[in-house]
Amino acid sequence: MPAESSAGRTQLKVLAAGLHKLGLMCGKVSAELGSEVTLPSVTTSEWASSAATVGRAAAASAADASSMGHRIGARGADYAKAATVYVDTEEGNAARFRGLTR
Numbered sequence: 079m080p081a082e083s084s085a086g087r088t089q090l091k092v093l094a095a096g097l098h099k100l101g102l103m104c105g106k107v108s109a110e111l112g113s114e115v116t117l118p119s120v121t122t123s124e125w126a127s128s129a130a131t132v133g134r135a136a137a138a139s140a141a142d143a144s145s146m147g148h149r150i151g152a153r154g155a156d157y158a159k160a161a162t163v164y165v166d167t168e169e170g171n172a173a174r175f176r177g178l179t180r
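Given below as structure tokens:
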């Protein structure tokens, strides 16, 4: 599955192998986001109104990252499923085409 680079982006050709690879990449990103969500230690400074406010903001940020990780993981599973459906459809179409040419 060749990948081409354009303006700093990697383009994947839509093949079953590409969809499976994209699904695995999404799973990896999802796992990384899930493992790196830790609440930082909160220290107060002159500009911080309270440690509790900073703590709530940090917790909300961690929840957002976790949510993104879950969405990316679900998208990866969708890509893997699409690859399987793609292969099944192509095999079915090939069988029908062979039947027409006999």
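The sequence shown begins at 79 in our numbering and counts up by one.
Note that the Cβ used here is the ideal one computed from N, Cα and C, for glycine as well.
- Taking the Cα of residue 104 as reference, the smallest distance to any Cα among 174, 152, 164 and 178 is reached at 152.
- Residue burial is scored here from C-beta neighbours: residue 98 has at least 16 other C-beta atoms within 10 angstroms and is therefore classed as buried.
- Between residue 147 and residue 111, the C-beta gap is smaller than 8 Å, which places the two residues in contact.
- For residue 176, the secondary structure class from DSSP, reduced to helix, strand or coil, is helix.
- For residue 170, the number of other beta carbons within 10 angstroms of its own is below 16, and it is reported as exposed.
- Within the same chain, Cβ atoms closer than 6 Å to the Cβ of residue 160 are found at 97, the five residues on either side in sequence being excluded.
- Taking C-alpha positions only, residue 140 is separated from residue 177 by approximately 56 Å.
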